[in-house]
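Read through the structure below, which is laid out as structure tokens, and then see the notes.
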Amino acid sequence: MRRTDAPLSDYTRFGLGGPADLLVDADSAVEFIGELQSAGGPHIVLGGGTNLVVSDAGYRGTVLRYTGRTIEHHGSTIRVESGADLEALVQYAVAHGLAGLESMMRIPGWVSGAVYGNAGAYGQSIHETLARVEIWDGAERRWLSNAECGFTYRASRFKQNKHWIILTAEFTLRPGDAAALAARAEEIRATRDEKFPPTMKCAGSIFKNCLFAQLPRGAQQRVPEKLVREGKVPAAYFLEQIGAKGEVAGGIRVAPYHANLLYNAGSGTAAQVVQLIDNLKGRVRQEFGFDLEPEVQFVGFPDRVSY
Ligand SMILES: Cc1cc2nc3c(=O)[nH]c(=O)nc-3n(C[C@H](O)[C@H](O)[C@H](O)COP(=O)(O)OP(=O)(O)OC[C@H]3O[C@@H](n4cnc5c(N)ncnc54)[C@H](O)[C@@H]3O)c2cc1C
């Protein structure tokens, strides 16, 4: 599929973003690599668009998406093309009685984006069961071991190597009871749908949670002990302290029940998203002496990290 002047708001869950000069989808790896090689000028690769803030001006260049989505398994190993929905992978694993992904039920987006950002929720992260990843590195197709992907909290080496394209992922799971796994996945689906209604235009959490050990001493002393889990403090805690809940910038709002969730109430713009992000970040810095780090990726903002 090729589309010129493609409105990126159609391809992002935030429903924001101006046009890309050209958008190309390819569902075979060979075809995708061919498109990538012929793209020439500026280009970026997107997945399901659920972790992105795309500028109102859009993107001058080509946006490519690898849409191969075959999922298959052999024993307890699942191999999946990276354009598959993460939820389809979770459901596949659960239906085949394979444990290790069920807590990631309802994290939106594709397997590619989940590997890129080491997605996770409710105590499970992609890196825990991912065995290896097939990439195109600009010269050849090759497999990276889990260790070579350099996973850390919501990050991987893919963030520093944006020319590495994730094509296939292989997971090694544990045998489990399909009914029990389905029950766990369903429980998480219900919880998440309440927090993130499926029609909500957003990108999930805007800021990453904070590593307690890296906070300035003064900030550490103000964090209630019970909030520190697995060495992390929810970014929402700091945002709540500065009164972020319910704040508004034009059509963009901070959810009244979750200070780290910004959503597009319908008429929002990407400019308003970054205005609110910068404002909240500045106030947390002033109050606690450190910078919150955005979890979302920015597209089409020359002055911001990402693209
Ligand atoms: C309602 C909601 C809830 C969320 N909850 C969670 C949560 O609980 N936990 C969590 O971790 N995240 C969460 N997120 C964030 C988001 O869902 C994840 O980050 C998701 O894994 C992003 O996948 P995506 O396919 O949409 O990636 P995109 O947003 O399309 O892209 C993200 C990054 O991946 C790169 N990328 C995409 N495809 C490729 C590829 N083939 N090769 C190389 N790079 C690629 C892009 O260049 C971009 O930098 C949530 C988002 C929403 C909207």
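Just so we're on the same page, the working numbering is the position in the sequence shown counted from 1, plus 66.
For every residue, glycine included, the Cβ atom is placed at its ideal position computed from N, Cα and C.
With alanine 154 as the anchor, note down where its alpha helix (DSSP H) starts and where it stops.
-> Your numbering for residue 154 matches position 88 in the sequence shown. Segment 152-161, the alpha helix (DSSP H) holding alanine 154.
Assign tyrosine 125 to one of three DSSP states: helix, strand, or coil.
-> Taking the sequence shown and counting its residues from 1, the one referred to as residue 125 is at position 59. In the structure shown, tyrosine 125 sits in a strand (DSSP, three-state: E or B).
Identity of the residue in Val294, Glu206, Leu327 nearest proline 263 by Cα | Within the sequence shown, residue 263 is the residue found at index 197, counting from 1. Minimum Cα distance to proline 263 is reached at Leu327.
For ligand 1, is there a heavy atom less than 7 angstroms away from the beta-carbon of isoleucine 173?
-> Mapped onto the sequence shown, residue 173 falls at position 107. Within 7 angstroms of the C-beta of isoleucine 173 there is at least one heavy atom belonging to ligand 1.
Is the region 94-101 touching the region 274-289, taking contact as three or more C-beta pairs under 8 angstroms?
-> no
Note down the Cα distance separating arginine 68 from alanine 150, rounded to an integer number of angstroms.
-> Sequence index remark: in the sequence shown, residue 68 carries index 2 (1-based). Sequence index remark: in the sequence shown, residue 150 carries index 84 (1-based). The straight-line gap from Cα to Cα measures roughly 19 angstroms.
Any idea what DSSP makes of histidine 324, helix, strand or coil?
-> Stepping through the sequence shown from its first residue, residue 324 is reached at position 258. It is coil, neither helix nor strand.
Report the rounded CA-to-CA distance for histidine 324 versus glutamate 260, giving the unit in angstroms.
-> As a working mapping, residue 324 is identified with position 258 in the sequence shown. As a working mapping, residue 260 is identified with position 194 in the sequence shown. A straight-line Cα-Cα distance of about 12 angstroms links histidine 324 and glutamate 260.
Can the beta-carbon of serine 271 be found closer than 8 angstroms to that of glutamate 361?
-> Reading the sequence shown from its first residue, position 205 is the one you call residue 271. Reading the sequence shown from its first residue, position 295 is the one you call residue 361. Between serine 271 and glutamate 361, the C-beta spacing is below 8 angstroms.
Residue range of the unbroken alpha helix (DSSP H) whose run includes aspartate 344 | Counting from 1 along the sequence shown, the entry for residue 344 is found at position 278. Where aspartate 344 is concerned, the enclosing alpha helix (DSSP H) stretches over 336-354.
Would you mind stating whether isoleucine 144 and phenylalanine 237 have Cβ atoms separated by less than 8 angstroms?
-> As a position in the sequence shown, residue 144 is number 78, starting the count at 1. As a position in the sequence shown, residue 237 is number 171, starting the count at 1. Yes, they are a contact pair.
Report the partner residues of tryptophan 176 according to the DSSP bridge assignment.
-> Numbered from its first residue, the sequence shown carries residue 176 at position 110. Asp151, per the DSSP bridge assignment.
Using only the heavy atoms of ligand 1, determine whether one of them is closer than 7 angstroms to the beta carbon of tryptophan 209.
-> Locating residue 209 in the sequence shown gives position 143, where the first residue counts as 1. Answer for tryptophan 209: no, Cβ out of range of ligand 1.
Cβ-based burial, histidine 193 [other Cβ within 10 Å; buried from 16] = As a working mapping, residue 193 is identified with position 127 in the sequence shown. By the 16-neighbour rule on beta-carbons within 10 angstroms, histidine 193 is buried.
Whole-number beta carbon distance between isoleucine 318 and arginine 349, since they are thought to touch under 8 angstroms = Position 283 of the sequence shown, counting from 1, holds the residue named residue 349. Position 252 of the sequence shown, counting from 1, holds the residue named residue 318. Not a contact, Cβ separation roughly 16 angstroms.
Below 8 angstroms between beta carbons: does that hold for arginine 135 and glutamate 147?
-> Here residue 135 corresponds to residue number 69 of the sequence shown, with the count starting at 1. Here residue 147 corresponds to residue number 81 of the sequence shown, with the count starting at 1. For arginine 135 and glutamate 147, yes; Cβs fall inside 8 angstroms.
Helix, strand or coil: how does DSSP classify alanine 95 here?
-> The count along the sequence shown starts at 1 and reaches residue 95 at position 29. The answer is helix: DSSP assigns alanine 95 an H, G or I state.
Helix, strand or coil for tyrosine 77 per DSSP?
-> Locating residue 77 in the sequence shown gives position 11, where the first residue counts as 1. If DSSP states are grouped into helix, strand and coil, tyrosine 77 belongs with the helices.
Glutamate 168 versus glycine 83 - alpha carbon distance | Looking up residue 168 in the sequence shown gives position 102. Looking up residue 83 in the sequence shown gives position 17. Their Cα atoms are separated by approximately 32 angstroms.
Decide if the region 97-108 is in contact with the region 339-354; the criterion is three or more beta carbon pairs, one per stretch, under 8 angstroms apart.
-> no
Separation of serine 142 from threonine 265, as counted between CA atoms | If you number the sequence shown from 1, residue 265 lands on position 199. If you number the sequence shown from 1, residue 142 lands on position 76. Distance between the alpha carbons of threonine 265 and serine 142: 34 angstroms.
Those residues which DSSP pairs with leucine 305 across a bridge = As a first step, residue 305 must be located in the sequence shown, where it is residue number 239. In the DSSP output, where bridge partners are listed per residue, leucine 305 has none listed.
With distances taken between CB atoms, is the gap from glycine 124 to proline 108 smaller than 8 angstroms?
-> The sequence position of residue 124 within the sequence shown is 58, counting from 1. The sequence position of residue 108 within the sequence shown is 42, counting from 1. No, the pair does not count as a contact, with Cβ atoms beyond the cut-off.
Under the criterion of a Cβ to heavy atom distance below 7 angstroms, does tryptophan 197 qualify as lining ligand 1?
-> The count along the sequence shown starts at 1 and reaches residue 197 at position 131. According to the sequence as given, residue 197 is alanine; it is not tryptophan. No, since every heavy atom of ligand 1 falls outside the 7 angstroms radius drawn around the Cβ of alanine 197.
CB-CB under 6 angstroms to threonine 70, same chain, minus the five flanking residues each way: which ones, in chain order?
-> What you label residue 70 is simply residue 4 of the sequence shown in a count that begins at 1. Within the same chain, threonine 70 has close Cβ partners Leu88.
Please determine, among Gln226, Trp176, Ile232, Leu155, the residue with the shortest C-alpha to C-alpha distance to arginine 198.
-> If you number the sequence shown from 1, residue 198 lands on position 132. The shortest Cα separation from arginine 198 among Gln226, Trp176, Ile232, Leu155 belongs to Ile232.
May I have the straight-line CA-CA distance separating asparagine 212 from glycine 316, to the nearest angstrom?
-> Here residue 212 corresponds to residue number 146 of the sequence shown, with the count starting at 1. Here residue 316 corresponds to residue number 250 of the sequence shown, with the count starting at 1. Each residue's Cα considered, the two are about 43 angstroms apart.
Short check: CB of glycine 166 to CB of arginine 220, under 8 angstroms?
-> For the purposes of this step, residue 166 is identified with residue 100 of the sequence shown, where counting begins at 1. For the purposes of this step, residue 220 is identified with residue 154 of the sequence shown, where counting begins at 1. No; because the gap between Cβ atoms is not below 8 angstroms, this pair is not in contact.
Excluding the five sequence neighbours on either side, which residues of its own chain have a C-beta within less than 7 angstroms of the C-beta of threonine 78, listed in chain order?
-> If you number the sequence shown from 1, residue 78 lands on position 12. Excluding positions up to five away in sequence, the list reads Gly115, Leu118, Val120.
Confirm the yes/no value for this check: CB of phenylalanine 217, any heavy atom of ligand 1, distance under 7 angstroms.
-> In the sequence shown, counting from the first residue as 1, residue 217 sits at position 151. Answer for phenylalanine 217: no, Cβ out of range of ligand 1.
Mind checking arginine 131: buried by the 16 CB within 10 Å criterion, or exposed?
-> Locating residue 131 in the sequence shown gives position 65, where the first residue counts as 1. Answer is buried; the Cβ neighbour count reaches 16.
Leaving out five residues on either side along the sequence, give the residues of the same chain with a beta carbon under 6 angstroms from the beta carbon of threonine 335.
-> Stepping through the sequence shown from its first residue, residue 335 is reached at position 269. The answer, listed in chain order, is Asp122.
Mind checking whether the beta-carbon of phenylalanine 367 lies closer than 7 angstroms to any heavy atom of ligand 1?
-> As a position in the sequence shown, residue 367 is number 301, starting the count at 1. No; taking the cut-off as 7 angstroms, the Cβ of phenylalanine 367 has no heavy atom of ligand 1 nearer than that.
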